[in-house]
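Count along the sequence shown from 1, add 837, and you get the number used in our numbering. Below is one structure, written out as structure tokens, with a few remarks after it.
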Amino acid sequence: ADGLWRVVGRGERMRAILQGVSLRLPAGAMIAVGGPSGAGKSTLVNALIGFAPRDAGRVRFRGSDVTDSPEILHRATGYVPQDLAVHRELTVGQVMTYAARLRLPPDHTPRDLETRIRGVAANLALAPHWDVPVARLSGGQQKRINLAMELICEPDILVLDEPTSGLDPGFEQRMGEALLTLAKGGCLVLLVTHSLALMELSDQVLLMTSDGQLAWQGRPAEAAGA
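Pasting the structure below:
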């Protein structure tokens, strides 16, 4: 990304929530985006992947400029929101099956779909809850449902907005390790987070200032001295 700007408001209330952010993000890495509340963390990530507008700047993906063709990134990106994004009345198995049928290419056979769905469910410890309605799951299990829907599609880029907020430290550690394993498999995992534990697990940390500028990018161990 080169020179990303985002301005909101009008007249005297106009302000920049992104100010000329330029960065490079490598494949096969887990990258945490941190900073104070209102620093533009989610705005930056959504501008990078084309889910939110930007007023200036350009984005390239694998060498191709996607500024005028955001669908290139949309097809490659999985997005896990902070809030639950599924029908609570459906069971775990129904949610994952419908997600696979809707989003995977039509050349997948029923057996292919079943293998993919069951594999993701097992990796996220959702298999024991296959027939349980989502509304009856714990907060951590519901977070895993959101993640499972995206992992079924094997995205090249996985974006997560506060994936462990409100959850116990043990689950936070397990999810962080699972995401790091996913990154090592070639996926770019991009986390918006306030969690120091997730930042320490990440390959890189991006720190934003309160006025929407990129303050620092580098390895977590180097952040304290930056």
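Note that the Cβ used here is the ideal one computed from N, Cα and C, for glycine as well.
Closest by C-alpha distance to residue i, when choosing among the options
{"i": "A864", "options": "T1001, R1056, D993 and A1058", "result": "D993"}
{"i": "E1059", "options": "G1049, A838, L1051 and D1040", "result": "D1040"}
{"i": "E1014", "options": "R973, L961, A889 and C990", "result": "L961"}
{"i": "M1045", "options": "L1025, R899, M867 and S874", "result": "S874"}
{"i": "V1029", "options": "V917, A964 and R852", "result": "V917"}
{"i": "A913", "options": "R981, R1011 and C990", "result": "C990"}
{"i": "V858", "options": "D920, V1026, D905 and L881", "result": "L881"}
{"i": "S1047", "options": "R852, G846, A838 and G840", "result": "R852"}
Exposure label - residue i; buried when at least 16 CB within 10 Å
{"i": "R843", "result": "buried"}
{"i": "R948", "result": "exposed"}
{"i": "G976", "result": "exposed"}
{"i": "H924", "result": "exposed"}
{"i": "K980", "result": "buried"}
{"i": "D892", "result": "exposed"}
{"i": "P965", "result": "exposed"}
{"i": "S1032", "result": "buried"}
{"i": "V845", "result": "exposed"}
{"i": "A937", "result": "buried"}
{"i": "D968", "result": "exposed"}
{"i": "G1055", "result": "exposed"}
{"i": "T952", "result": "exposed"}
Terminal residues of the beta strand (DSSP E) in which residue i lies
{"i": "M1012", "result": "Premise fails: M1012 lies in the alpha helix (DSSP H), P1006 to K1021, not in any beta strand (DSSP E)."}
{"i": "A869", "result": "M867 to G871"}
{"i": "A893", "result": "A893 to R895"}
{"i": "L1027", "result": "L1025 to V1029"}
{"i": "R948", "result": "Run containing R948: none in the beta strand (DSSP E); it sits in the alpha helix (DSSP H), P947 to N960."}
Bounding residues of the alpha helix (DSSP H) (the contiguous stretch that carries residue i)
{"i": "A853", "result": "Per DSSP, A853 belongs to no alpha helix (DSSP H); it is in the beta strand (DSSP E), R852 to V858."}
{"i": "A913", "result": "E908 to A913"}
{"i": "A936", "result": "V929 to R940"}
Expected contact under 8 Å - CB spacing of residue i and residue j to nearest Å
{"i": "L910", "j": "A838", "result": "Actually they do not touch by this definition, with Cβ atoms about 11 Å apart."}
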